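Okay, structure first, notes after.
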Amino acid sequence: MYIPDVLWMYSVFWSPRRSPGGFSTRTDAEEDAAPAPPAPLGDEDAANDTERIFAGLPVPVVHEYLDRILALRVHLWKRMAPALATHVALELAGLLAGVQEAETEADQVRAIARLWVFPTLVLCLPGVQQPSRERVRLTTARLKQWRQGELTALLASVPELTGGQPTDLPWHTVSSKVVKHVRARHLGAAARLVESAGVHDTTDAPPLAERAVVKNAVMGIPYTSAAGPSRWSPSLLHQALSLPAAGAEVLTAMCGLFDRVVHRGLEPQAGALWAHARLIPLRKPDGGVRPIAIGEIFRRVLGRLAVTSLAHDAVETLAPDQYGVGRKAGLEAMVMRTRLAVLDNPGWGVLKVDISNAFNTVRRPAFMRLVQAQFPHLWPLVRTCYACPAPLRAGKHVLKSESGVQQGDPLAPLLFSLALHRQTRDITHAPGQALVQCWYLDDGAIAGPVRSLVAFLEALDHSAREIDLSINRRKSELVLPPGSCETDITALSSLHGLPVVPWSRVTLLGTVLDTGGDIGCVDRTLAATLELADKVAGIHEPEEAYHLLRASVGPARVVHLARTLPPEAVLDRFAAFDDAWRHIVARTLGVTAADGQNADGSWRAEWRLPLRCGGLGLTSLRDMSLPGFVAGSRAAARTLDEGEVLRAQREAAPPVAPQSRQPPEPPPPPRARPSHLARWRQFHDLEEAWLQQVPGVPDAEVEDLLDSQARGLSRFYSLLKKDWVSAPGSTPSERFRRQSLSSPHAAAWLGMPSGTVLGGIPWSPALGRDTWFTAVRHFLGLPVAGVASSAGLRCPAIVRGTTATCDALLDALGHHAQNCALGPTRYGRHAAVIDVLVRFATSAGHTVRREVRLEDVPGITSARPGDFSFDNNVVDVAVVAPDGVAAARSRKRGSFAAARAASPVGSSGHAANMVAFIVTTYSNVDVPARALLSGLARDFARVRQVPPRLGADRPLAGRVPSGVPRRRTWYPPAVPGRTLGPDGERPALAPPRDAGAQLIRTEHPQFTRSAPSNSAPELIQIQLRSG
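Mapping to full-length UniProt numbering: the sequence shown position 366 is 366, numbers consecutive.
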């Protein structure tokens, strides 16, 4: 009997290092050897006089130099050339160690100044295009000058860019920047860039984590994130930390510096330089200014680590009134608490409080005293950042940050909330005040009797002025109790100078409180999202536009509405939004909306299902409305219950400052139904309605399904997929297409842009516009007629930057796009991968059948077709991932014929080709996929008389960055000069080592959740040598 086995992921590649026979000649010792030291820069006997820079200069003079250097507009390396990377990394390690070892305030200022000016003085490049060798030569010369301490010569020769900083970027420039952000998976920045109105002209007036955690924190920052004033960008640090030898030194120095700042802090003047930032005055659509401070990446990483370690302590200190710091489902909880306060207490209203420029005006001594008393282990870091005014650099102007917290500092929300909580807590506990306070950072909603609310506003206004905060009465609102008349509104408006609104029109945090009243706020939010989506669809790269729409500018942007509003109030609006949004997405897919709709106007299943179920990932806001509201209500109720417990514990015992550097583990959430949920269900009880839509849930899993929106939607879409696959297709090919898409990971190639950075390599080949459209149409089972290309209905150029074109005729269903060897994508290498496996099995002595139909195999009744079979084992390639960068470079340099054959070009040794793909094997239940391919390797070794060199069963530890697995190879000890014979015996004379195959096993955490419950996913890499 044959059954579908587990899903496996493999990668097939040819080694760039080849012997004359075409096989690797690298020995085990060579592969395990330590990396070679960097080549010398020049005169290695010369002393390193880096410390001469700024040596002996007074602190004010160092500041003047720093202001002048950081105000220069220069062009820098985005990623260092390999010949320079190790030298720059070692220099960075020395600069970080210098800051750590500096003792006096003047020495600390000089050390930090050297760290900040190094990129501008050394890594700067001319604004004109130059060959890479010329750039390397220039940077090498500047690095020598730096090591000799020639500050004046370096400063005089900086190639400064001419012209001012553009304030209004043309759309094609914005579109290109958005594409880069999307490929870096920096979707938030991409969405903000699309909706930004430009920038204002500035020329007119914690406890130290483990090393791995620090490295992951740095590597987790998208490489397109903005750099601080010193121009130490994430991409430069990513490259430095990834170097085999120098990266360890950089990480050691970085951890040492972080340890110094956390435990001892820096002197005030040095702390000001540590906390300096680049100020960007973003222009609001109404012409206002939104100041954004971009601090140094080192400060941001350290602040993020500190906030992570203090999350539980912060919640205990600020609960239950503050929902913007460390609270799960904070938005939903604040909305629920405000609604319940008004609905449970007739005659109660709401006071919405808006604080003017809150983060930038709060008094620093106010929160610094609280940090020193309540978070003493955080005090050195906060003192370093805020004890002395820090420079804010806006173009060539330098401002002083003397008040407030910097927006963009990971510590800012906690520090501001501490100061605000101290002031509002005293008002709440005043005698006779029966109020319910809810704050989301600086947005407040206080529920209570109207007279008490007016008195609270006056008290809050007075208390806020003590810490330099002011209430914005024009944007604050007094919400009357439900059922109030218009005369009450007019009277109160004239009496208190506040905008007074009825309960039926009040909004809070982007949602409405009265679900039975005016929900025009929802219409405006949905319309604004559609307007932004239409703008995103105009990006010149449709693939990146699709990914940005799917992940950020769509239902994901307004999911808070689904989690806070009952479906009966918004279901029609959500359906209209889904329909309009999918019409916009269709433009980025090269199809029309009619291609995705059935005859009755409903959308085909592929347009509703997520990627894991074989759809386009365009999940519907209407579909998530009911499970989102149920899960959001339960999460909010649990958060409210936990807040009440924390407040009761705090009132029962005096607060004690946390002494342990490691926060205690929060208690596991109780499985009992939250008490706030029971009150909420009196108004909205939709749990049974949701369970009816996902029948068959075991009793033991009901609570988990109701608690998790993701788990509920997963079951809902699994049932939808089952109905879709089981429905009879119009043609046999349609039935096979549905069965193929329904397999796990069949749509994984749509999971990220084809140009996404893989394995730390900052360049990856991407799909061309026409190829993207062709691949999508083939995925959806649509004909490719009408796809625009320079070659008509012939395959257009696929590799960017070349003139090579395939020029083959495109068939009606787009099969050529699947088989074309030029395709540098997940999709285009399908046939090439199959050919490699077929050749491998043939070389192992097996008889291989191509394009086998599973109905012809005994024991298989209905399944998708297989690509080839051998010995009654059917193998089907489901998904092909992007090529490696070496293969793309090889195709770029090679001829069209060589690329078509996927063969090496010349003898340059750059023919490495790595293709990740997923296959499904249909074999005996006792023969899993790994064993099947291991048997192939043994057969290959026996036939070719070479050692098998099988990898160990030990899994690879640690996370795999960017979705590309690292390899760790283990070779068993072998007898020199001896190898296996045809019958498994060792022959007397070993043949020359000109052939080989190896299997390497490791785990791939990205696919853990999608694996069957009885097996963990594995990545097996088959290393072949072409020849």
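From the three backbone atoms N, C-alpha and C, an ideal C-beta is built for every residue, glycine too. Keep in mind that this is a model prediction, so the values were computed, not measured.
Between phenylalanine 416 and phenylalanine 367 a beta carbon distance of about 7 Å is seen, short of the 8 Å cut, so the two are scored as contacting. Secondary structure note for valine 353: its beta strand (DSSP E) is the uninterrupted segment 348 to 354. Here aspartate 534 has Ile584 as same chain residues with Cβ atoms under 6 Å from its own Cβ, once five neighbours each way along the sequence are excluded. When the five nearest sequence neighbours on each side are left out, the beta carbons in the same chain lying within less than 6 Å of the beta carbon of proline 482 are those of Trp503, in order along the chain. Beta-carbon to beta-carbon, valine 350 and alanine 447 are separated by about 5 Å, close enough to satisfy the 8 Å threshold.
Runs of the alpha helix (DSSP H) spanning 4 or more residues and lying entirely within the stretch 492 to 524 do not occur at all. In the three-state DSSP reduction, tyrosine 386 falls in the helix class (H, G or I).
Where tyrosine 717 is concerned, the enclosing alpha helix (DSSP H) starts and stops at 709 to 726. Between glycine 751 and leucine 611, the CB-CB gap stays under 8 Å. In summary, cysteine 613 is buried, with 16 or more beta-carbon neighbours lying within 10 Å of its beta-carbon over all protein chains present. Less than 8 Å separates the beta-carbon of aspartate 468 from that of valine 362.
Residue range 171 to 183 is occupied by the alpha helix (DSSP H) that includes histidine 181. For the pair leucine 282 and glycine 295, the Cα-to-Cα distance works out to about 16 Å.
Straight through space, the alpha carbons of glutamate 103 and methionine 334 are spaced by roughly 47 Å. When only Cα atoms are considered, leucine 719 and valine 694 end up about 8 Å apart. Within the model, the alpha-carbon separation for leucine 677 versus alanine 652 is close to 25 Å.
For tryptophan 77, the secondary structure class from DSSP, reduced to helix, strand or coil, is coil.
Residue pairing for valine 398: DSSP places it in a beta bridge opposite Arg393. Note that the C-beta distance between threonine 511 and threonine 564 is below 8 Å. In the DSSP assignment, cysteine 255 falls within the alpha helix (DSSP H) that extends over 246 to 263.
Residue pairing by DSSP leaves leucine 331 without any beta bridge partner. Between the alpha carbons of valine 301 and valine 943 lies a gap of roughly 54 Å.
A residue is called buried once 16 or more other Cβ atoms fall within 10 Å of its Cβ, and histidine 421 is buried on that count. Between valine 218 and leucine 241, the gap from beta carbon to beta carbon is short of 8 Å. Taking a cut-off of 8 Å for Cβ pairs, the stretch 273 to 291 and the stretch 125 to 144 do not touch, as fewer than three such pairs fall below it. In the DSSP assignment, isoleucine 294 is bridged to Arg278. The Cβ neighbour count for phenylalanine 940, taken over all protein chains shown within 10 Å, is at least 16; the residue is labelled buried.
The three-state reading of DSSP puts glutamate 101 in helix, counting H, G and I together. Between the alpha carbons of alanine 569 and proline 229 lies a distance of about 49 Å. Taken atom to atom, the span from the alpha-carbon of leucine 399 to that of glycine 149 is near 29 Å. Beta bridge pairing from DSSP links valine 558 with no other residue. In this structure, arginine 777 sits near valine 591, with a CB-CB distance shorter than 8 Å. Serine 476 is positioned such that its CB atom lies closer than 8 Å to that of aspartate 354. Taking the CA atoms as reference points, valine 213 sits about 27 Å from tyrosine 323.
Under the three-state reduction of DSSP, leucine 125 is assigned to strand.
A contact between stretches requires three or more CB pairs, one per stretch, nearer than 8 Å, and the stretch 89 to 96 meets this requirement with the stretch 237 to 253.
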